[in-house]
Amino acid sequence: MTRSLLLLPLAFLPFGPAGGQPPTATPATPAGFQQVQLNGHTFTLPVGFTIELAAGADVVPRPIAAAFDERGRLYVTDSSGSNEKVQDQLAKKPHRVLRLTDSDGDGKYESSTVFVPNVMLPQGAMWLTGSLYVAAPPHILKFTDTNDDGRADKEEVWFDGKTLTGCANDLHGPCLGPDGWVYWCKGAFAKQEYTLRVGDEKRPFVTRASHVFRARPDGTDIQPVMTGGMDNPVDLVFTPTGDRVFSCTFLQHPRDGKRDGLIHAVPGALYGKPHDVLDGHVRTHPELMPPMTHLGPAAPCGLHRYESDQFGPAYANNLFCCQFNLRKVSRHILVPAGSTYTTTDSDFLASDNHDFHPTDVIEDADGSLLVIDTGGWYKLCCPTSQLVKPDVTGAIYRVRKSGAHQVDDPRGLKIDWAKRDAAALGQLLHDPRPAVAGRVVVEAERRGREVGVAAAALTTDGTRAGRLRAAWLAAREGRSGAQRFIAGLADSPDEDVRLIALHMIGTDHVEGGYGQGVAAERLADPSPRVRRVAAECLTFHGRHSAEAERVFAALAVETNDRPLDHALTLLLIEGVERDHVAKGLVHPSPRVRRAVLTALDQRPDGKLDPAAVLRELDGTDAALVETAWWIAGRHPEWGDRLAGHFRERLGSIEKLTPPEQDSLVNRAVPFLKGEPVRRVLGDALAKAAAPAVQRPLLRGMARAGLKTFPPEWREGVQLALFSADTEVVRDAAAVLRAAPPTAEVDALLTEEVWRYRLRNKVPTPPEIDMVIRAATPLGARLTADQALAAIDQLHRDRFGPARAAAADLLSRAPLPTESLVLLAGALKTMPPAEVGRVLPAFDRSTDAKVGLAFVAALSEPAVRPVIRAEQVKPTLDKYPPPVRAAADRLYALLAEARGDEVARLEALLKELPEGDVRRGQAVFNGAKGQCAACHKIGYVGGLVGPDLTRVGGTRTPRDLLEAIVFPSASFVRSYEPVRVTTTDGRVLNGLLAADTADEVAVAVAADRTERVPRADVEAVAPGTVSVMPAGLDQQLTRQELADLVAFLRACR
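What follows is the structure, encoded as structure tokens:
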């Protein structure tokens, strides 16, 4: 039996940073490391280790994941190099599984045979009891060689996920846990449906979230272990005591150089990133559970816990993680911290070759590590260079410790297993050879109870690793009904043995509720890890599994950390009777009251009294107050009870600090759909005189999610539009954009605002004039002269904010034919960003004169690089035949240009002079490049585009230039564009900012998000055009481009 190797995180980074100073480069060879030249790579690894080629491309061209069988034969999933659409790959099954041969035992594989000739894109491999299990979305397939001829002749579907998304990240795995269950990972965001068992109940489970699932080896009794909003959980390992750690991508929205990482999967907890797929899942805290380890834009995949003693004691139980993007394997030392872990992190193996992409790392029986490099073929959903490289093959490398002792018979092939009695087998649990000790588990499963009985006697003597292996076997025997084993193990003086016993109680029922009683006693254990696992175990058993007072006592411990509090709160939700939980509402400990409020709010039968929440809103315990507000915010129907609270506090809002003002208003936002709190906020705005008070109130109103502008806000918003402070006017306009006024209110607002500003000679620069006009339907009805003035502001030499406001206004305003013709003519003098923003203006005409002028403008050499055919074709298809005929010629020009993109890129690379990092930073942050409007570096920049703090560590100069010049060539995971069509014919292209039951929100520009009520959405489809404008090579000089690339390369 070996664990699986999972791969292809399907979440790779694009280009670019934003803001702060670029960090200095790291030294070529860090202290304590060495460099080794091998197979076209310069590898950096610790002194005292060696690296050799275990299998070259002649044996396995594009290896992905691998697993050993009990005889030491290596099975490797091997890519064909195909990047076809996943549905085509599902039909063709172009990949394969190879079995590699090391005929002389020197650790180098000389040949391979085809074990499975045709398989869908493989995402992991596991050997278990005579069969190879391969994740090939949407299935986990079981392959068996029944006649031992080296070729699988039996194929079974062990699991059917029934979903296959465009990146095929629906499924990774499987791997075998020490509890005997099989685990695998589900990626986001396809909907899957299951029936789950919680205690004696069966519940439907419908989810679009990411998960770690488990099931029995026969595929029954599927259970979710982890739930998250991340894109892609990939590989999973287990600590010696049964805790689960997995690698994943996009555990948070990219920011400050953070994105991917390692997570300690605490059962029932919700992990990042924040996403609406988590709606409906039980929550135990206002915030998502944090990760264990941040890795940045690493695209982590294969993960392994090291078991052998060959690397020395310092490496015992270390984790090794493949980082696809960063071209390295990292080392992580697990450090227990409270009820969870932290890690000490370092690099272990890195290559200087940009086509080195490690996808898996596994341990051979002799203690050496095999590192699998898949090569340069993969690009599916990977926004690196679109230059496909199936010819850049991979390899398998072996890392050894210099001077390590020779391991005789590392897999125990010389042992006569059949002649070993149960006691003798049990003694082998202490064998230093991990593969031999693992074989005992196989024999125990085959022989049954006798080996488990022998193992129980070994949990107090011998090596630590042997004691823990014995505990796992003995606990399995307890699972089968021998309750004295469970009692003895759960009461062991060895904390790790107690943990193992509780993990096993938490995977199966134990007769007569005996296991629950044992676990309940452990809620008072001195170890926080034991208390956490005891709570997890009891939660598994469902209702009636725990006494409320025991749980309250455990919750009241001041030193509890987040994972422990979570496990205990979840136990109140799932394992304690409702009435008993409610008694905790008056408990003297605020920690207990916090958990009880959460549990009653989350339980279907909770019947939470609003008064119990409201009385905690002004308490002195910060965590309890935060939780009470979070719960209240989930109940907008409580707004009438809170109106007085907000009126009192908003009455003195000017005395608060800016963060306190924002916090107060943010707490009011969930209740703004109701009239009482909405009126309170409107009254406060009407009385506010200072911009510092007006702005937080306006920002809160803009986030209310109202379909129409409420009359309670008219006075306050109108006063804000009167303001001479341009930022106040912008915020007021944002309120009107978010909640459009009725025609009557619009007329009053529009007329009175302009009358006031003229009468009082309030300075109204062109930018603010257009911001106000664009905010309301009547204001956007432009005369020919007003349209001409707005078009004049679009020139690339105009002030940036005025230009953006003009584009926004013209994209919304119904324009006469003459104005549209003028707008078409102005396209060639606009910056790329504004070209994309004004295109919707041409949707509102079908006049042939306008259409021909539009096509002629799009055909200009200065405009063609900025657009793509799919951007303009839906608009041009509405025009008469002469326009469509002209458009066909335009499409041919655009297709020709796309075909020449690679050649253009190579030519541009040769033309670029040497870049300067400091000048590049100025380009990035300047008005001409406008990169910082969307992208963030460190703490500076926008959030619409990916975080670029560490992009230089993952992208070559060619990759960066391609992303700047051809941004629609590929898209970063979680930043794919969408095309939303509304029932009234509007089309919105941009990034999906929210997709909830109530609305769809689309970020159509750096400073503009459109919200569409769900009822008004006709269709949501994948987009093909990046929000980032193309054509920056036309906007920037060659020197500026070179400087920008140099700056991005320096951001690591």
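The sequence shown runs -20 to -1, 1 to 1032 under mature numbering (1 follows the signal peptide of the UniProt record, and there is no 0). Backbone N, C-alpha and C define an ideal beta-carbon position, used for all residues, glycine too. All values reported here derive from a predicted model rather than from experimental measurement.
Taking 9 Å as the threshold (C-beta atoms), are A437 and V431 in contact? It is not a contact, given that the beta carbons lie outside the stated cut-off.
Just to check my reading of the structure: A499 and I480 have Cβ atoms closer than 8 Å, yes? What is that Cβ distance to the nearest angstrom? Wrong, their Cβ atoms sit about 13 Å apart, outside the cutoff.
Would you check if there are 3 or more beta carbon pairs closer than 8 Å linking the stretch 1020 to 1031 to the stretch 920 to 939? The stretch 1020 to 1031 is in contact with the stretch 920 to 939.
Taking the beta carbon of T320 as the centre, do at least 16 other beta carbons fall within 10 Å, making it buried, or is it exposed? Answer is buried; the Cβ neighbour count reaches 16.
Can you tell me whether L762 is buried or exposed, with buried defined as 16 or more other CB within 10 angstroms of its CB? Per the 10 Å Cβ criterion, buried.
For residue 1064 and S799, what's the separation of their Cα atoms in angstroms? Residue 1064 is absent from the model: the chain starts at -20 and stops at 1032.
So what does DSSP say about C228, is it helix, strand or coil? Here DSSP, grouped into helix, strand and coil, assigns C228 to strand.
Relative to the C-alpha of A384, which candidate in S348, H274, L405 and R400 has its C-alpha closest? The option with the nearest alpha carbon to A384 is S348.
Out of curiosity, what's the CA-to-CA distance linking H152 and V214? Cα-Cα distance, rounded: 6 Å.
Within 10 Å of its beta-carbon, does K635 have 16 or more other beta-carbons around it, so buried, or fewer, so exposed? The residue is exposed, with fewer than 16 neighbouring Cβ atoms inside 10 Å.
Got a sec? Which residues, its chain only, sit under 7 Å from S507 by beta carbon, not counting five neighbours each side? Within the same chain, S507 has close Cβ partners E475.
6 Å Cβ shell around L360 - same chain, five flanking residues per side excluded: So the list reads N63, once near-sequence residues are dropped.
Does the beta-carbon distance from V815 to P1009 come in below 9 Å? At a Cβ-Cβ threshold of 9 Å, V815 and P1009 count as neighbours.
For R988, the three-state DSSP class (helix, strand or coil): DSSP places R988 in strand when its eight states are reduced to three.
Can at least three beta-carbon pairs, one atom from the stretch 221 to 229 and one from the stretch 238 to 258, be found at a separation below 8 Å? Yes, the stretch 221 to 229 is in contact with the stretch 238 to 258.
Three CB pairs or more closer than 8 Å across the stretch 580 to 597 and the stretch 247 to 260: Proximity of the stretch 580 to 597 to the stretch 247 to 260 falls short of the contact definition, fewer than three beta-carbon pairs being nearer than 8 Å.
Any idea if K253 is buried or exposed, counting beta-carbon neighbours within 10 angstroms, 16 or more meaning buried? Buried.
Apart from the five residues just before and just after L393, which ones in its own chain have a Cβ nearer than 8 Å to its Cβ? The answer, listed in chain order, is R51 and G52.
Of the choices D335, R658 and T126, whose alpha-carbon is the least far from that of A623? When each option's Cα is compared against that of A623, the closest is R658.
In whole angstroms, what is the alpha-carbon distance linking P412 and A883? The alpha-carbon atoms of P412 and A883 are separated by roughly 58 Å.
Any chance you could list the beta strand (DSSP E) runs of at least 3 consecutive residues sitting entirely within the stretch 274 to 356, in chain order? The stretch 274 to 356 contains, as complete beta strand (DSSP E) runs of 3+ residues, the segments 280 to 285, 299 to 303, 308 to 317, 320 to 331, 338 to 343 and 349 to 353 (chain order).
Thinking C-alpha only, which one of Y377, T323 and G685 is nearest V715? Distance check between V715 and each of Y377, T323 and G685 places G685 closest, using alpha-carbon atoms only.
Which residues bound the alpha helix (DSSP H) around A648? Taken as a continuous stretch (DSSP letters only), the alpha helix (DSSP H) holding A648 covers P638 to A648.
Identity of the residue in S326, D545 and V341 nearest L216 by Cα: Of S326, D545 and V341, the residue nearest in Cα terms is V341.
Could you tell me which residues DSSP puts in a beta bridge with E181? BP columns for E181 point to V178.
For the candidate residues R307, K308, D325 and V309, whose alpha-carbon lies nearest to that of V315? Comparing Cα positions, the closest option is D325.
Quick check: the Cα distance between F946 and E173, rounded to an integer number of angstroms? Between F946 and E173, the C-alpha separation is close to 39 Å.
Separation of K171 from T976, as counted between CA atoms: Their Cα atoms are separated by approximately 14 Å.
In the DSSP output, what is K890 paired with across the bridge? The secondary-structure analysis by DSSP pairs K890 with nothing; it has no beta-bridge partner.
Residue environment, L701, which counts as buried when at least 16 other CB atoms sit within 10 Å: So L701 ends up on the buried side.
Nearest-angstrom Cα separation, counted from A375 out to S839: Distance between the alpha carbons of S839 and A375 is about 48 Å.
Are L101 and S59 touching if we call contact CB-CB under 9 Å? Yes, they are a contact pair.
By how many angstroms is the C-alpha of A116 removed from the C-alpha of K65? Here the alpha carbon of K65 sits roughly 14 Å from the alpha carbon of A116.
Please classify R994: is it buried, with 16 or more other beta-carbons within 10 angstroms of its beta-carbon, or exposed? Burial call: exposed.
For the stretch 800 to 814 and the stretch 775 to 789, state whether three or more C-beta atom pairs, one from each stretch, are separated by less than 8 Å. Because the criterion of three Cβ pairs below 8 Å is met, the stretch 800 to 814 and the stretch 775 to 789 touch.
Validate contact between the stretch 121 to 133 and the stretch 162 to 171 using beta carbons, cut 8 Å, 3 pairs: As far as the Cβ criterion goes, the stretch 121 to 133 does not touch the stretch 162 to 171, which means the pair count is below three.
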